[in-house]
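Have a look at the structure below, then the notes.
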Amino acid sequence: MIYTSTRDKSVKVSASQAIAKGISADGGLFVPTEIPALSLDDIKRIGTLDYIGRAKEILKLYLTDFTDEELSMCVEGAYKKGKFSSDRVAPLHKLTDSAEVLELWRGPTCAFKDMALQ
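Position in the sequence shown counted from 1, then plus 32, gives you the numbering used here.
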């Protein structure tokens with residue numbers, strides 16, 4: 033997958049380059065040049081996976097210059113058992129028949145930022 037700068041569409045970098053650089057030289061953010069398409073079957077299949085499995089499947093669509101082994105190592109290291117108070121990492125809590133909330137406070141600091149910082 034190719035990433036471009038939000039300030040200059042002619043800037044093109046790989047996922048690993050975007051991660052290493054952090055911000056484009058022009059001050060823009062790196063964004064994917066396209067959003068990967070998922071079929072209904074893909075969505076159903078991913079929906080049966082746990083949080084770690086879903087993360088791996090989605091990240092490999094965007095981080096195409098990393099191997100499955102590299103992605104697995106990163107995801108499993110970030111969300112391994114014991115880092116979050118729930119094995120489900122970010123469980124849904126049912127409020128009503130038509131409303132659920134995503135619990136993002138189950139990490140080490142009990143704040144939503146744990147999702148990105150792990």
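Where a beta carbon is used, it is the ideal one built from N, C-alpha and C, also for glycine.
Remember, it's a predicted structure, so these values are computed and weren't measured experimentally.
Asked	Found
Taking the alpha-carbon positions, what's the alanine 47 to alanine 69 distance?	18 Å
Take every Cβ of the stretch 97–112, pair it with every Cβ of the stretch 38–56, and state whether three or more of those distances are shorter than 8 Å.	yes
Hey, could you find the ends of the alpha helix (DSSP H) glutamate 152 is sitting in?	Given a span of 33 to 150 for the chain in the structure shown, any question on residue 152 remains unanswerable.
Ignore the nearest five residues each way along the sequence and tell me which others in leucine 61's own chain have a CB closer than 8 Å to its CB.	Ser37, Thr38, Ile55
State the start and end residues of the unbroken beta strand (DSSP E) segment that holds lysine 126.	124–128
Which same chain residues, not among the five before or five after glycine 139, have their C-beta less than 6 Å away from its C-beta?	Phe116, Asp146
Output yes or no for whether 8 Å exceeds the beta carbon distance between glutamate 135 and alanine 148.	no
Determine the extent of the alpha helix (DSSP H) in which isoleucine 75 is found, giving its start and end residues.	72–79
Measuring alpha carbon to alpha carbon, tell me which of Asp40, Thr65, Ala57, Lys41 ends up nearest methionine 33.	Thr65
In three-state DSSP terms, what is lysine 115?	coil
Mapping the DSSP letters down to three states, classify isoleucine 34 as helix, strand or coil.	strand
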